[in-house]
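Read top to bottom, the protein sequences are chains H and Z. For the first sequence, our numbering begins at 1 and goes up steadily by one. For the second sequence, our numbering begins at 1001 and goes up steadily by one. Just so it is clear, CB atoms sit at the ideal spot from N, CA and C, and this is done for glycine as well.
Protein chains: 2
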Amino acid sequence: MAVYTEVTDDALRAFLTAYDIGELVAFRGIAEGVENSNYMLRTTAGDFILTLYEKRVNPADLPWFLNLMQHLATQGVNCPQPVMAQDGNALRMLADRHAAITTFLPGVWPRRVQLVHCGPLGEALARLHKAGASYAPRRENALGPAGWRPLLERSLSRADDVVPGLGAELTAVLDRLLEAWPRDLPEGQIHADLFPDNVFFLKNEVSGLIDFYFAATDLLAYDLAICLNAWCFEPDGAFNVTKGRALIGAYQAVRPLSPAETKALPILAQGAALRFLLTRLHDWLYVPEGALVTPKDPLEYLRKLRFHRHASGIAAYVG
Amino acid sequence: MAVYTEVTDDALRAFLTAYDIGELVAFRGIAEGVENSNYMLRTTAGDFILTLYEKRVNPADLPWFLNLMQHLATQGVNCPQPVMAQDGNALRMLADRHAAITTFLPGVWPRRVQLVHCGPLGEALARLHKAGASYAPRRENALGPAGWRPLLERSLSRADDVVPGLGAELTAVLDRLLEAWPRDLPEGQIHADLFPDNVFFLKNEVSGLIDFYFAATDLLAYDLAICLNAWCFEPDGAFNVTKGRALIGAYQAVRPLSPAETKALPILAQGAALRFLLTRLHDWLYVPEGALVTPKDPLEYLRKLRFHRHASGIAAYVG
Chain H
1 MAVYTEVTDD
11 ALRAFLTAYD
21 IGELVAFRGI
31 AEGVENSNYM
41 LRTTAGDFIL
51 TLYEKRVNPA
61 DLPWFLNLMQ
71 HLATQGVNCP
81 QPVMAQDGNA
91 LRMLADRHAA
101 ITTFLPGVWP
111 RRVQLVHCGP
121 LGEALARLHK
131 AGASYAPRRE
141 NALGPAGWRP
151 LLERSLSRAD
161 DVVPGLGAEL
171 TAVLDRLLEA
181 WPRDLPEGQI
191 HADLFPDNVF
201 FLKNEVSGLI
211 DFYFAATDLL
221 AYDLAICLNA
231 WCFEPDGAFN
241 VTKGRALIGA
251 YQAVRPLSPA
261 ETKALPILAQ
271 GAALRFLLTR
281 LHDWLYVPEG
291 ALVTPKDPLE
301 YLRKLRFHRH
311 ASGIAAYVG
Chain Z
1001 MAVYTEVTDD
1011 ALRAFLTAYD
1021 IGELVAFRGI
1031 AEGVENSNYM
1041 LRTTAGDFIL
1051 TLYEKRVNPA
1061 DLPWFLNLMQ
1071 HLATQGVNCP
1081 QPVMAQDGNA
1091 LRMLADRHAA
1101 ITTFLPGVWP
1111 RRVQLVHCGP
1121 LGEALARLHK
1131 AGASYAPRRE
1141 NALGPAGWRP
1151 LLERSLSRAD
1161 DVVPGLGAEL
1171 TAVLDRLLEA
1181 WPRDLPEGQI
1191 HADLFPDNVF
1201 FLKNEVSGLI
1211 DFYFAATDLL
1221 AYDLAICLNA
1231 WCFEPDGAFN
1241 VTKGRALIGA
1251 YQAVRPLSPA
1261 ETKALPILAQ
1271 GAALRFLLTR
1281 LHDWLYVPEG
1291 ALVTPKDPLE
1301 YLRKLRFHRH
1311 ASGIAAYVG
């Protein structure tokens, strides 16, 4: 939950004069999202989200993200659409931050994932991947395989403070993963962070996908592997194959996996688990200054990683 | 900013069936308010706020607060109105917390107080005091003078860690204040926490007063003194008499202060400064477990307290 940057009324009013979205009616900080500051903005023209991009986002990437969201929306994906100012730009400065207004999406994110969510999620993910195919610009995934070694090295000296032997275990896993990582799978625009708090539902249908600020050009099936990790484990650590089957099945009904993608799933799922384990481990060891967010337990993802290491094939995920 | 308690979709849906407010459309945590968990709740019937009362609120006081808000709204005060469930109750249980739905108020709270806010605030405060006169039930102010000694004693042993000599200074101030505290001033229902984040403005008019969960039956002029502290000091610590004059003048245009109230203002302002200094000092020394809020600097209120000790009369506040 996060509002890192406060916006004064005067600055907000001046900012809004650049847009054609009517008069200010309400403005409340939103206690969601951990990277940026988000406000619910109501004007006489409707409801919007105002996002101030905080330091973890590279400003040079912002046009890529905003253009992707705009592109996806034109392709029928329910995602926030950047609102253009009168000068045609969606990206401006506010309170010394890059800032953008996007449309408000209805829906509620699931605080507790249930089986009924997993099918619609899989379908929405596959539709997202298809819609992204016509968005040509690439963005390298800074948190993809090439980023994992540097990320591990930042935490390695203190990893054993969290669990004895963790540093050696992660080093071995990383070595093996980088060697086994598939190279020829279909690529495209992936969300790369499609956790439950980024997916809104209405009446058990996906009403919106939000928070595209980790999106990148990477293996499509890796995005599915991220979702397997984020949606299909139970709070007690058990993988729920019924959820996995619903997620993968609904995904494949829209975009069938190739045999190579299916075969790679255990490796991709290990990589996905390692990626979140590494960022959580770092944030756990080095709580960022001014953190308004309790660091998430890295061990949750260590358990998931170990599960995937013992997965012999797709049967581990669909039963 | 705060969402302490997460509400699962199922629990929310079940909760909403008790009301006649249509179907769920959106649900987002609000990053404001430090005591309770607040959510923006949109249904097909409109916008609401869902509040889950956390441990600092005594459940026995909740009917008093909710009835006060309902009473004030009928008297023309723009404050959240409790929404009754089908059974006629505004107070229910949700996620193991007492919870209530109230109406959503438009407006924006001033992140930076300007002169233009102070007149409308003074008028709104005086109207609130007049509207409360017909609300008969009393609620003792737990954070009024009788509560200050126990509050100080909880921090006394460590007060000097914050500023050397602070414990002795506060003890002396408290002794003197309790002796000098006025007894025969007009009483009524006070808000007792009317800081800028609890006052919404639209086009420089007050559009809403929120967060009545410190409200109590106490000296009306003490509420004005709380506002002098919260609204009329500049960030550099200087008291702005132009703001003070606007606040007090607009208050008196609706509810003139008696000569005894006017005379008591420096004492009341010291008391108001001490009350917030003591709670901040305690939270500073003993950061509550699971705190999602950075403790506020107690020294801001020490400086204010010292200013008021040197105020010879109302001239200190209105120039």
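Boundaries (first-last residue) of the alpha helix (DSSP H) holding residue i
i, result
"Ser1157 of chain Z", "Pro1145 to Val1162"
"Leu1299 of chain Z", "Pro1298 to Arg1309"
"Asp1283 of chain Z", "Pro1259 to Leu1285"
"Val173 of chain H", "Leu166 to Ala180"
"Ile1226 of chain Z", "Leu1220 to Trp1231"
Distance CB(residue i)-CB(residue j) smaller than 8 Å
i, j, result
"Glu32 of chain H", "Arg1028 of chain Z", "yes"
"Leu265 of chain H", "Ile226 of chain H", "no"
"Pro110 of chain H", "Asp1009 of chain Z", "yes"
"Ala1126 of chain Z", "Tyr1251 of chain Z", "yes"
"Leu202 of chain H", "Pro106 of chain H", "yes"
"Leu91 of chain H", "Leu62 of chain H", "yes"
"Asp218 of chain H", "Ala260 of chain H", "no"
"Ala1311 of chain Z", "Leu1257 of chain Z", "no"
"Leu1052 of chain Z", "Leu1041 of chain Z", "no"
"Val108 of chain H", "Asn204 of chain H", "no"
"Tyr1317 of chain Z", "Ile1248 of chain Z", "yes"
"Gly1076 of chain Z", "Ala1131 of chain Z", "yes"
"Ile190 of chain H", "Asp223 of chain H", "yes"
"Val163 of chain H", "Trp284 of chain H", "no"
"Glu1054 of chain Z", "Glu1035 of chain Z", "yes"
Amino acids of chain Z, ordered along the chain, whose beta-carbon sits closer than 7 Å to that of residue i
i, result
"Phe27 of chain H", "Val1108"
"Met93 of chain H", "Going along chain Z, no residue has its Cβ under 7 Å from Met93 of chain H, so there is no contact; the nearest lies around 17 Å."
"Asp297 of chain H", "The premise fails here: Asp297 of chain H is roughly 15 Å from chain Z at the closest Cβ pair, so nothing lies under 7 Å."
Within chain H, the residues that residue i reaches when beta carbons sit closer than 7 Å
i, result
"Glu1006 of chain Z", "Arg111"
"Asn1194 of chain Z", "Checking the displayed sequence, the identity of residue 1194 of chain Z turns out to be Leu instead of Asn. Neighbours of Leu1194 of chain Z on chain H: none; closest Cβ ~17 Å, over 7 Å."
"Asp1211 of chain Z", "The premise fails here: Asp1211 of chain Z is roughly 13 Å from chain H at the closest Cβ pair, so nothing lies under 7 Å."
Contact with chain B by residue i, beta-carbon distance below 8 Å
i, result
"Glu1234 of chain Z", "The displayed structure is made up of protein chains H and Z, and chain B is not among them."
Coil, strand or helix - residue i by DSSP
i, result
"Thr1005 of chain Z", "coil"
"Asn1240 of chain Z", "coil"
"Met353 of chain H", "Since the first and last residues shown for chain H are 1 and 319, residue 353 of chain H lies out of range."
"Ile49 of chain H", "strand"
"Gln86 of chain H", "coil"
"Gln70 of chain H", "helix"
"Ala1315 of chain Z", "helix"
"Gln114 of chain H", "coil"
"Ala99 of chain H", "strand"
"Ala1133 of chain Z", "coil"
"Ala126 of chain H", "helix"
"Ile1190 of chain Z", "strand"
"Ala216 of chain H", "strand"
"Val1057 of chain Z", "coil"
Host beta strand (DSSP E) of residue i (start-end)
i, result
"Arg1042 of chain Z", "Ser1037 to Thr1043"
"Val1077 of chain Z", "Per DSSP, Val1077 of chain Z belongs to no beta strand (DSSP E) and is neither H nor E."
"Gly29 of chain H", "Leu24 to Gly29"
"Leu1202 of chain Z", "Val1199 to Leu1202"
"Val206 of chain H", "Glu205 to Leu209"
"Glu32 of chain H", "That residue, Glu32 of chain H, is in no beta strand (DSSP E); it is neither H nor E in DSSP."
Check: residue i C-beta below 7 Å from any heavy atom of the ligand SAM
i, result
"Phe1195 of chain Z", "For the structure depicted, the ligand SAM is absent and the ligand set is empty, with no information on it obtainable."
Within chain H, the residues that residue i reaches when beta carbons sit closer than 9 Å
i, result
"Glu1032 of chain Z", "Val3, Arg28, Gly29 and Ala31"
"Asp1096 of chain Z", "Result: empty, since nearest Cβ-Cβ is about 14 Å, beyond 9 Å."
"Met1069 of chain Z", "Chain H residues near Met1069 of chain Z: none, gap ~19 Å exceeds 9 Å."
Chain-ordered neighbours of residue i on chain Z, where CB pairs are closer than 8 Å
i, result
"Leu24 of chain H", "Val1108 and Leu1202"
"Asp20 of chain H", "Per Cβ cutoff of 8 Å: no residues; Asp20 of chain H is ~19 Å from chain Z at best."
"Asp283 of chain H", "Chain Z residues near Asp283 of chain H: none, gap ~16 Å exceeds 8 Å."
Per-residue contacts from residue i into chain Z (C-beta, under 9 Å)
i, result
"Asp160 of chain H", "By Cβ distance, chain Z contributes nothing, its closest Cβ being about 27 Å from Asp160 of chain H, past 9 Å."
"Met40 of chain H", "Arg1028, Ile1030 and Met1040"
Worksheet item: Do the segment 66-81 of chain H and the segment 15-22 of chain H meet, that is, are 3 or more Cβ pairs less than 8 Å apart?
Response: A contact is defined here as three or more CB-CB pairs under 8 Å, and the segment 66-81 of chain H fails this definition with respect to the segment 15-22 of chain H.
Item to complete: Taking 8 Å as the threshold, find out whether the segment 1110-1124 of chain Z comes into contact with the segment 1211-1220 of chain Z through three or more Cβ pairs.
Response: No, they do not touch.
Item to complete: Report yes or no: do the segment 1141-1158 of chain Z and the segment 1101-1111 of chain Z share at least 3 C-beta pairs separated by less than 8 Å?
Response: Segments in contact, no.
Worksheet item: Taking contact to mean at least 3 C-beta pairs separated by less than 8 Å, is the segment 270-279 of chain H in contact with the segment 172-180 of chain H?
Response: Segments in contact, yes.
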